[in-house]
Amino acid sequence: MSETFGKGHHLHLIDGSAYIFRAYHALPPLTRKSDGLPVGAVAGFCNILFRYLEGNKTGDAPTHVAVIFDHSSKTFRNDIYPAYKANRPELPEDLRPQFPLTRDATRAFNIACIETEGFEADDIIATLSCRARDAGGQVTIISSDKDLMQLVGDGVGMLDPMKNKLIGPDEVFEKFGVAPNRVVDVQSLAGDSVDNVPGAPGIGIKTAALLIQEYGDLETLLARAGEIKQPKRRESLQDNADLIRISKRLVQLDCETPLDVTLESMVVRLPDAEPLMAFLNQMEFRTLTKRVADSLKVAVLVEAEAVEAQAVPFDHSKYDMVTDEGALQVWIDRIYARGFVAVDTETTSLDEMRAELVGVSLCVEAGQACYIPLAHKAGGGDLFGAAKLVPGQLALERALAMLQPMLEDASILKIGQNMKYDAKIFARQGVDVAPIDDTMLMSSALFAGLHNHGMDTLAERYLGHASIPIKQLLGAGKAQITFDFVPLEEAVKYAAEDADVTLRLWQLFKPQLHRKSVTTVYEVLERPLVPVLAQMEMAGIAVDRDTLSRMSNAFAQKMAALEDEIQTLAGRPFNVGSPKQLGEILFDEMGLQGGVKGKTGAYATGADILEDLATEHELPGRVLDWRQLAKLKSTYTDALQDHINPETGRVHTSYSLVGAVTGRLSSTDPNLQNIPVRSDEGRRIREAFVAPKGRVIVSLDYSQIELRILAHVADIPALKQAFKDGIDIHAMTAAEMFGVPVEGMDPMVRRQAKAINFGVIYGISGFGLARNLRIPRAEAQGFIDRYFERFPGIREYMDATVQFARDNGYVQTLFGRRIHTPEINAKGPAAGFAKRAAINAPIQGTAADIIRRAMVRMPDAIAGIDAKMLLQVHDELLFEVQEDAVDALIAAARGIMEGAALPAVHLSVPITVDAGQGANWAQAH
DNA sequence: GGGCTCACG
DNA sequence: GACGTACGTGAGCCCG
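Residue numbers are given in the numbering used here: position 94 of the first sequence equals residue 347, and the series is strictly consecutive.
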């Protein structure tokens, strides 16, 4: 409830129509990019409104405000004088459609928007001015229209927004030569050619002012017209008395306009971020959207008011089930009318390469979503009954044929949560979905480090909505069904809700990208990678099953032998694969020293512990050998065989763009980013990753990219020079630290320097380095101290980075990717973790950004070469190339990779790429 | 499903 | 002065 308008209140009345014309003529004829709708006047209008609101933050702020518009129809003045405003030129064709949009804009800015059929804006302004003044308040009319000057007086002033000049009685006198209350008289005599007000012929403002000054007011003047000495003036007044009186009725503003709005309803309100940003985005005003977003602190508002901002309640019963072409066409038409759509697919599997499309859901507006079931089945419960398609569904081919033009239409934005998944499903149906937006990637750009980016998390956190768990539909474990067996009614609720949630998240996140300055991160480093990764994943890599199978057998034999040996050494059979049992054998039964129990009460039996014990006893060493084989067999040689796709004969991993907070990709099902390489035995697994006949595997990897980035960001001259000179960086570090020449350096010394170099990237500690190098902690700390003494810039960089994290709650890469560090001010061990993560994130993240940029550019760069990019392993890209195109591929890909930071970032160290090739990955690496 | 272990950069 | 500590991932296994 707002208090009654009165004393102490200040009402601003904005002449909206004047703003529109001003904006229209001041700006070139802008059109909306996506559909050509003329929006120049709307843009100008919004800019004026925004500047006005910004001005109010500092100036003499109003308590109430309204924008007044003319209503496009005849007014009472046309009854008095049909020629009134008759000589106005026709409205420009591209202006008329903008009128309703300016009303929308006003409401979007949360300002009262007033127009009344049959009345001009000026009369409404007059009426509201009178009411506000009579109520004891103050009024400022924001307009440069001289017709409104008659309203100036006690409690009512004007502001010329063009000149930003206040207009009071003095300024009115300057203009009309009379006090405001006689302005009407002057105008009645002088007429107005613009509005086609006749007045008295031959008399202009100057003469009219003189006459009124002399005779006091119009009626007295007309009554005593005979006294006027100048014959021309006298005759004009005498001959045109009626016309003058009509003119007076035309220029006199009506203070009694019937209005059904109250002054109280015009109370100043803060703009609601969500509808305002939605409107500006819909208009595609990029610059203004950004400025408004900055001004509104959209992020803060949105986060605090997420529930409120999304006022539309979730209502599963309102979702549509689309089962015929007519209904689908209605949805497609709605999508075209809107220009964007949230899309979600339902399938039979999380593996995009095997999943069958079951249905599609669409959402065009919060709460308005549909599900199109396409391949739902029923039956098949008993042994012999085959499942049958549920009747009444649209045919899949027919639905896809209808959807395809929309999904591929460059003017329709397709919004998804993890669009890579849906895009691949559609791609396998021959539909190339573009352009896209992805709420998961937006979340990653906005909130990396704060929470994960799954839809359930986002819905809960930003919409205050708990979405239907998929488990509720599919069940779990052995009894789990696939989505095609979900009953239609349930499927509609779940599937349409997903599209609904996605659309709402998009509405929330899109404006926040600007506010948090991560639009470029999203648009350059996230979104464009979706089609690139989709292509790589669908291409897959050829894996030779026989090679793997032979290795599995060999491993199994060796393991069996080791197991016997181990159990003999232990004196009894036990499960070698059980760390718990192993711990009991080692420390309780065999009585070895150094047993440390973890939080679960079991002895730790990690490789480092077993290595230490290996000097005391044979058993731990055998267990280490066994474990290595077990790992290779179960995780690689066995598991990889299961991942060979029966249709393609290749292995298709799935990359996650949001798996790592730093911006690195992660790889799952299977993880092809951790194929063994460090041990000879493990490296042989890479021999199974092969090129088909006539083709070659090519690997290109960045050399020391993280150390190069460190040298650049911490600005260490010695490191930078070493990279420029192409010197062995670890040997150089050792030489600097220990004062030994690079020539003939002890490999142990170099190894220590290398460990320190890597330690630095991870946020080094004496403890960590000591453990890594297996040296006393004091010695390790001595190394670190000497390192920082020699390279003081590194310490400065680390301190500055941690301080930045404390000040801002995040750190960032050279490309602006933000990684949040919520734990940075924590107490206890968590503080150490957070500090080291904060130090590492900009380095690891910048390297991740660089290879992402390379990957985005790669398809175009190698378009003319018979080659496919297959895998990414953080600093390595793997290709499959026609054998006679290897050199061309290496040249092109290397060029892209080495220049990937440009032009956004100019590194002060060279970035170099090593290349290898061969029949398989082992040879190429 | 959490913890342990270990594969990678 | 003690606390605990290298950064970032994913998968398979054990065990409650």
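Yeah, the Cβ is synthetic: ideal placement off N, Cα and C, and Gly gets one too.
This structure is a prediction, so every number in the text was calculated from the model and none was measured.
| Got a sec? Which residues, its chain only, sit under 6 Å from Leu-882 by beta carbon, not counting five neighbours each side? | Counting from 1 along the first sequence, the entry for residue 882 is found at position 629. So the qualifying residues of the chain are Phe-808, Lys-811 and Met-812.
| From Gly-1085, Pro-454 and Glu-480, residue whose alpha carbon lies closest to that of Ile-497 | Here residue 497 refers to the residue found at position 244 of the first sequence. The option with the nearest alpha carbon to Ile-497 is Pro-454.
| field | Residue range of the beta strand (DSSP E) that includes His-1178 | value | As a working mapping, residue 1178 is identified with position 925 in the first sequence. Segment: none, His-1178 is in no beta strand (DSSP E) and carries neither H nor E.
| Which listed residue (Ala-732, Ile-1096 and Glu-1133) has its alpha carbon closest to that of His-965 | Counting from 1 along the first sequence, the entry for residue 965 is found at position 712. Residue Ile-1096 holds the alpha-carbon nearest to the alpha-carbon of His-965 among Ala-732, Ile-1096 and Glu-1133.
| request: Could you tell me if Ala-784 is buried or exposed, where buried requires 16 or more neighbouring beta carbons within 10 angstroms of its beta carbon? | output: Numbered from 1 along the first sequence, position 531 holds the residue referred to as residue 784. Per the sequence presented here, residue 784 reads as Pro, with Ala not at that position. Flag for Pro-784 reads buried.
| request: List in chain order: all unbroken alpha helix (DSSP H) runs of 4+ residues lying wholly within the stretch 508-558. | output: The stretch 508-558 contains these whole alpha helix (DSSP H) runs: 526-536, 539-549 and 551-557.
| Contact check, Ala-855 vs Lys-833, beta carbons under 8 Å | By one-based count along the first sequence, residue 855 stands at place 602. By one-based count along the first sequence, residue 833 stands at place 580. Yes, Cβ-Cβ distance for Ala-855 and Lys-833 is below 8 Å.
| request: Can you say whether His-265 is buried or exposed, counting buried as having 16 or more other CB atoms within 10 angstroms of its CB? | output: Start at 1 with the first residue of the first sequence, and residue 265 comes out as number 12. For His-265, the number of other beta carbons within 10 angstroms of its own is at least 16, and it is reported as buried.
| message | Whole angstroms are fine: how far does the CA of Asp-1052 sit from the CA of Arg-917? | response | To locate residue 917, count along the first sequence from 1; it is residue 664. To locate residue 1052, count along the first sequence from 1; it is residue 799. In a straight line, the C-alpha of Arg-917 is about 24 Å away from that of Asp-1052.
| query | What number of angstroms, rounded off, separates the C-alpha of Ala-701 from the C-alpha of Asp-751? | reply | In the first sequence, counting from the first residue as 1, residue 701 sits at position 448. In the first sequence, counting from the first residue as 1, residue 751 sits at position 498. If I take the Cα positions, the gap works out to 22 Å.
| field | Opening and closing residue of the beta strand (DSSP E) in which Phe-593 lies | value | Reading the first sequence from its first residue, position 340 is the one you call residue 593. From DSSP, the beta strand (DSSP E) with Phe-593 extends over 593-600.
| query | Hey, is Ala-388 close to the ligand ZN, as in C-beta under 7 Å from one of its heavy atoms? | reply | The ligand content of the structure shown is nil, which means the ligand ZN is not present either.
| task | Run the CB neighbour count on Glu-256, radius 10 Å, all protein chains shown included, and call it buried at 16 or more, exposed below. | result | Mapped onto the first sequence, residue 256 falls at position 3. Classification of Glu-256: exposed, given that the 10 Å Cβ count is below 16.
| request: Please state whether DSSP places Glu-1042 in a helix, a strand or coil. | output: Mapped onto the first sequence, residue 1042 falls at position 789. Secondary structure at Glu-1042: helix, using DSSP grouped into helix, strand and coil.
| field | Straight-line gap, Ile-734 to His-896 (C-alpha atoms, nearest Å) | value | Position 481 of the first sequence holds residue 734. Position 643 of the first sequence holds residue 896. A direct Cα-to-Cα measurement between Ile-734 and His-896 gives close to 21 Å.
| message | Assuming contact is defined by CB atoms lying nearer than 8 Å, are Ala-619 and Leu-756 in contact in what I supplied? | response | Here residue 619 corresponds to residue number 366 of the first sequence, with the count starting at 1. Here residue 756 corresponds to residue number 503 of the first sequence, with the count starting at 1. Against a cut-off of 8 Å, the Cβ pair of Leu-756 and Ala-619 comes out as a contact.
| Exposed or buried, what is Thr-515 when buried is set at 16 or more other beta-carbons lying within 10 Å of its beta-carbon? | Residue numbering aside, residue 515 sits at position 262 when the first sequence is read from its first letter. Under this definition Thr-515 is an exposed residue.
| Hey, how far is the Cα of Arg-1039 from the Cα of Thr-1066? | To locate residue 1039, count along the first sequence from 1; it is residue 786. To locate residue 1066, count along the first sequence from 1; it is residue 813. Answer to the nearest angstrom: the Cα atoms are 28 Å apart.
| How long is the line joining the alpha carbons of Ile-1164 and Gly-874, rounded to whole angstroms? | The count along the first sequence starts at 1 and reaches residue 1164 at position 911. The count along the first sequence starts at 1 and reaches residue 874 at position 621. Whole-angstrom Cα-Cα distance: 41 Å.
| field | Beta-carbon contacts of Asp-685 that lie in its chain and below 6 Å, excluding the five residues immediately before and after | value | Against the first sequence, residue 685 aligns to sequence position 432. Within the same chain, Asp-685 has close Cβ partners Glu-661.
| request: Given a cut-off of 8 Å, decide if Arg-948 and Gly-793 are closer than it, judged by their beta-carbon atoms. | output: One-based indexing of the first sequence puts residue 793 at position 540. One-based indexing of the first sequence puts residue 948 at position 695. Between Gly-793 and Arg-948, the CB-CB gap reaches or exceeds 8 Å.
| task | Tell me, please, whether the stretch 934-953 touches the stretch 1135-1146 by the rule of three or more beta-carbon pairs shorter than 8 Å. | result | Because the criterion of three Cβ pairs below 8 Å is met, the stretch 934-953 and the stretch 1135-1146 touch.
| query | Are there 16 or more other CB atoms within 10 angstroms of the CB of Gly-444, so buried, or fewer, so exposed? | reply | Counting from one through the first sequence, the residue named residue 444 turns up at place 191. Of the residues assessed, Gly-444 falls on the buried side of the cut-off, its CB having 16 or more other CB atoms within 10 angstroms.
| task | Just list the beta strand (DSSP E) runs in the stretch 259-286, keeping only unbroken ones of 3 residues or longer that don't cross its boundaries, in chain order. | result | You should have 263-268.
| field | For Asp-376 and Leu-506, believed in contact at Cβ under 8 Å, the rounded distance | value | In the first sequence, the residue the question calls residue 506 occupies position 253. In the first sequence, the residue the question calls residue 376 occupies position 123. Cβ atoms of Leu-506 and Asp-376 come within 8 Å of each other, at about 5 Å.
| Among Val-1013, Asp-797, Pro-970 and Gly-1062, which has the Cα closest to the Cα of Thr-901? | As a first step, residue 901 is located in the first sequence; it is residue number 648 there, counting from the start. Put simply, of Val-1013, Asp-797, Pro-970 and Gly-1062 the residue whose alpha carbon is nearest the alpha carbon of Thr-901 is Asp-797.
| said: From the DSSP secondary-structure annotation, give me the bridge partner or partners of Asp-413. | reply: For the purposes of this step, residue 413 is identified with residue 160 of the first sequence, where counting begins at 1. Beta-bridge analysis with DSSP links Asp-413 to Lys-418.
| message | If you reduce the DSSP assignment to three classes, tell me which class Val-565 lands in. | response | What you label residue 565 is simply residue 312 of the first sequence in a count that begins at 1. Collapsing the DSSP output to three states places Val-565 in coil.
| In the structure shown, what three-state DSSP assignment does Leu-610 receive? | Mapped onto the first sequence, residue 610 falls at position 357. DSSP places Leu-610 in strand when its eight states are reduced to three.
| Looking at C-alpha atoms only, which residue of Gly-844, Met-843, Arg-825 and Ile-819 is the closest neighbour of Trp-879? | Translated into positions along the first sequence, residue 879 becomes position 626. Ile-819 is the residue among Gly-844, Met-843, Arg-825 and Ile-819 whose C-alpha sits nearest the C-alpha of Trp-879.
| request: From the DSSP output, in three-state form, read off Lys-850 for me. | output: Here residue 850 refers to the residue found at position 597 of the first sequence. Here DSSP, grouped into helix, strand and coil, assigns Lys-850 to strand.
| request: Go to His-1073, then tell me how far its beta strand (DSSP E) extends in each direction, as first and last residue. | output: Looking up residue 1073 in the first sequence gives position 820. From DSSP, the beta strand (DSSP E) with His-1073 extends over 1071-1073.
| task | Hey, could you find the ends of the beta strand (DSSP E) Gly-1171 is sitting in? | result | Counted from its first residue, the first sequence places residue 1171 at position 918. Residues 1166-1171.
| Check whether Ser-802 and Gln-725 have beta carbons under 8 Å apart | For this step, residue 802 is matched to residue 549 along the first sequence. For this step, residue 725 is matched to residue 472 along the first sequence. Between Ser-802 and Gln-725, the gap from beta carbon to beta carbon reaches 8 Å or more.
| field | Whole-number beta carbon distance between Val-613 and Lys-630, since they are thought to touch under 8 Å | value | Residue mapping note: residue 630 aligns to position 377 of the first sequence, counting from 1. Residue mapping note: residue 613 aligns to position 360 of the first sequence, counting from 1. Rounded to whole angstroms, the Cβ separation of Lys-630 and Val-613 is 17 Å, and the two are not in contact under 8 Å.
| By the 10 Å Cβ neighbour count, where 16 or more other Cβ atoms means buried, how is Asp-577 classified, buried or exposed? | As a first step, residue 577 is located in the first sequence; it is residue number 324 there, counting from the start. Asp-577 should be labelled exposed.
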